[in-house]
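Just below is one structure, and these are the notes that go with it.
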Amino acid sequence: MKKIIHKAYWNPDKEQQWLNSLAAKGLALTDYSWMRYAFEETEPGKYIYEIEFLEKSRRSPESDLYLRFLEDAGVEVVATYMRWVYLRKKASDGPFAIYSDCESKIRYLKRIRNFWIGIIILEFFAGLLNVGLSIVYLFDKALKASIGYPWMNFIGGVLCTGIGIVFFFTLLLPIYLQIRKVRKEQALHD
Amino acid sequence: MPESSERGSLTEAVYYILISLYQPMHGYGIMQTVGEWSRGRVILGAGTLYGALNTLLEKNWIQTVAVTGDSRKKEYVITELGKQQIEDELLRLEERLENGRRVTGGEMQ
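This is the structure:
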C-alpha cells in the first residue's frame, strides 16, 4: 500500500526525526519530491533513515561515486532532492550513522553551516534591499508615482528579513552549538 | 624517522582501516571486518569510511586494486608506506600499554 503525505520542512533534523517516527510505525519513505513524501507500508521499525547534505551537486561525478560507495556499503539511497539525499538502512544491520568520528562529523556540520550562511545572507540581502527601496519610494513622490508598489517591496522585504532571522535561530545557531559540542568531545576522543 | 607531521598517533578509524587492508577489500568488507575485530565496538560510518579512504589514497598509504571478474566494487589494499605507519603506530601503542600497565600495577582486575 502506497501513501502520500504533503508536508513542508525546512529543518532537516526535524524532518529526519519525523521520517524515523513514521518508519517505527511501519511507514517507510520510498520517494521525495518538493513537499511530497511517498511511503510504503512495512513491518514497524524495519528501516532507519538519515538525511545527508552532499558536498557537491547531485549531478557531479564526485556525488555519483559517493552514492555508489554508500550503496555498496549497504546504505540505500531512497531519494535525492537538490543536494539533499534521503538514505536508509535496515535496522537489523545495527545502528545507522553516516559519520562515526568527531573529525568527519565536524567536517560535515561545517558543510551544512556554510550552506545555511549562504541562504541567510541571501534572505537578508533581498529583505533589506526591498525595505530600503520602499522607504526611498515613500519619500520621493516623483519616483513613487512613476514606478512600482512600494508597499509590496516593504512587505516582501520584511518577510525575507524575517525568514533570515528565523533561519538564523532555528538552523544556523543549533549547528554552531553542535560543532562546539563535538569539538569538546574531540578533546577526549577520536 | 617518520616525517614530523606524521609522528602523531593514528585515529582509531584509520588504524583499523589500515590493518584490515593487509588483505585487499572493498568498503563493505572493511566495515564488516573492523566491526568483527573490535567485537562491535568500532562501527565505521559509511561517510567517515569514504572520507578516510580518499585521504589515505591521497597519502599513498593505500591503493586501489585492479578488480578482475564481475565485481564492480572498488577494492583497496595497504601500501609499503601504509605498513610503515602501522609499524610506527604499534611501537607507540606498545609504549602506551607498557606505561599504563606499569602505573596501574599490571593485570586488569
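First to last, the protein sequences are chains A and B. Position one of the first sequence corresponds to residue 3 (my numbering), numbered consecutively onward. Position one of the second sequence corresponds to residue 718 (my numbering), numbered consecutively onward. C-beta: ideal position from N, C-alpha, C; glycine also. The structure presented is a predicted model; accordingly, all values stated were derived computationally and were not measured.
- Every alpha helix (DSSP H) stretch that sits fully inside the region 9 to 38 of chain A and reaches 4 residues is listed by chain position as 14 to 26.
- Proximity of L761(B) to chain A, defined by a Cβ-Cβ separation below 7 Å, is satisfied.
- Closest in C-alpha terms to I123(A), from the list E78(A), F170(A) and A93(A), comes F170(A).
- Taking 7 Å as the cut-off, the beta carbon of A30(A) is found no closer than this to the beta carbon of G47(A).
- Secondary structure within the region 64 to 122 of chain A: the beta strand (DSSP E) runs of 3 or more consecutive residues, fully enclosed, are 78 to 83 and 86 to 92 (chain order).
- Around the Cβ of Y767(B), a 10 Å sphere holds 16 or more other Cβ atoms; the residue is buried.
- Assignment of K4(A) by DSSP, reduced to helix, strand and coil, places it in the strand class.
- Taking C-beta atoms as the reference points, V87(A) and E57(A) fail to come closer than 7 Å.
- Per the coordinates, the alpha-carbon of V820(B) lies some 32 Å from the alpha-carbon of L761(B).
- Going by C-alpha positions, D15(A) is about 18 Å away from H8(A).
- When Cβ pairs closer than 8 Å are counted between the two stretches, the region 77 to 91 of chain A is seen not to touch the region 129 to 137 of chain A, the count staying below three.
- Counting the other Cβ atoms within 10 Å of the Cβ of G129(A) gives 16 or more, which makes it buried.
- With distances taken between CA atoms, S94(A) lies nearest to Y51(A) out of R109(A), Y51(A), V133(A) and R115(A).
- Its Cα nearest to that of V751(B), the residue S102(A) stands out among N155(A), S102(A), F156(A) and N22(A).
- Ranked by Cα distance from M37(A), the options R60(A), A144(A), L67(A) and N13(A) are led by N13(A).
- Flagged as an interface residue toward chain B: I100(A), by a C-beta distance shorter than 7 Å.
- The beta carbon of G746(B) sits no closer than 7 Å to any beta carbon of chain A.
- Taking a 10 Å sphere around the C-beta of P97(A), we find fewer than 16 other C-beta atoms and assign the residue as exposed.
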